[in-house]
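Enquirer: Numbering (our numbering), first residue to last: 2 to 297.
Note that CB positions come from ideal geometry on N, CA and C, so glycine has one too.
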């Protein structure tokens, strides 16, 4: 991918957006703080990076430069057309690598949350020499097995009443009744499974409403097509790895354990009373684990 000279800044909602026009599409990214670089890859797929500005600022306050970016086709990272030729995991990895070059970093720490952990895994396989450290935060696994149980896991984290209500609104959506009200109710119910502290559920519901399901579907179709499976493939990866996850996550603890077992220099931290967003449910413990890992 070659880049053009065109580069602009856009102020919106109090944030400084960096819109970088490549030959392929528009890349939107933001940076916070100064110090060694840490790129934070948000989950999804199909979500923008807006929900990660907070954690990026928290880590930047530890004297690091953090970078978040909208993955292709999401937020302000515009690409056309959106189809199986433009939305692939290989292209997403190349976007990450081109961003590293654009920012002038020889190496950086890669932090992948949820689906972002899958993207981080694929990046580590292709560009291990560009990685200082990896943080897997409530990460998808080294295979797609996790996608087979997440639905059931969500059900177990909801109350019986919430499960019944979710089924009711999901049926309406399945019938094509895609009203804003039905979508909002579904997201509000689902959000309860993502966080241990239900006070954070409204914010997560808003995030869930932002998912671009076309991109989401295309990414998982591509992962299946390439036979995504990195089990046993990182024996030679010597860089430090942190696997950080909540005990009450929608991703099973076994998935986190499997990731840690596949990296020779990995440490595993499990947080009690914590769901899919550790920096919301257990802010101090989550940030302490990140701080200790980055400072080693």
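#1: Does the segment 111 to 123 come within contact of the segment 41 to 53, defined as at least 3 CB pairs closer than 8 Å?
#2: Whose CA, out of 276, 144, 107, lies closest to the CA of residue 227?
#3: With residue 118 as the anchor, note down where its alpha helix (DSSP H) starts and where it stops.
#4: Going by DSSP, what residue range makes up the beta strand (DSSP E) through residue 70?
#5: Determine contact between the segment 240 to 247 and the segment 125 to 135, defined as no fewer than three beta-carbon pairs at a distance below 8 Å.
#6: Are there 16 or more other CB atoms within 10 angstroms of the CB of residue 169, so buried, or fewer, so exposed?
#7: Where does residue 154 fall in DSSP's three states?
#8: In whole angstroms, what separates the C-alpha of residue 57 from that of residue 36?
#9: Ignoring anything shorter than 3 residues or poking outside the segment 237 to 270, list the beta strand (DSSP E) runs there in chain order.
#10: Count the other C-beta atoms from every protein chain shown that fall within 10 angstroms of the C-beta of residue 225, then say buried if there are 16 or more, exposed otherwise.
#11: Note down, in chain order, each residue of its chain lying with its Cβ closer than 7 Å to the Cβ of residue 83, except the 5 sequence neighbours on either side.
#12: Secondary structure at residue 178, three-state DSSP: helix, strand or coil?
#13: Looking at the structure shown, is residue 4 part of a helix, part of a strand, or coil, going by DSSP?
#14: Go through its chain and collect everything with a Cβ distance to residue 48's Cβ below 7 Å, but skip five positions before and after it.
#15: Considering Cα atoms alone, identify which of 103, 238, 50 is closest to residue 71.
#16: Which of the three DSSP states is assigned to residue 167 in this structure?
#17: Looking only at DSSP bridge pairs, what is residue 112 linked to?
#18: Within the chosen definition, does the segment 155 to 167 reach the segment 282 to 291 through at least 3 CB pairs nearer than 8 Å?
Expert: Short version:
#1: yes
#2: 144
#3: 116 to 127
#4: 65 to 70
#5: yes
#6: exposed
#7: helix
#8: 13 Å
#9: 242 to 247
#10: exposed
#11: 74, 215, 216
#12: coil
#13: Only weak support exists for where residue 4 lies, its pLDDT of 33 falling under 50; the coordinates are left without a value.
#14: 75, 208, 211, 212
#15: 50
#16: helix
#17: 41, 136
#18: no
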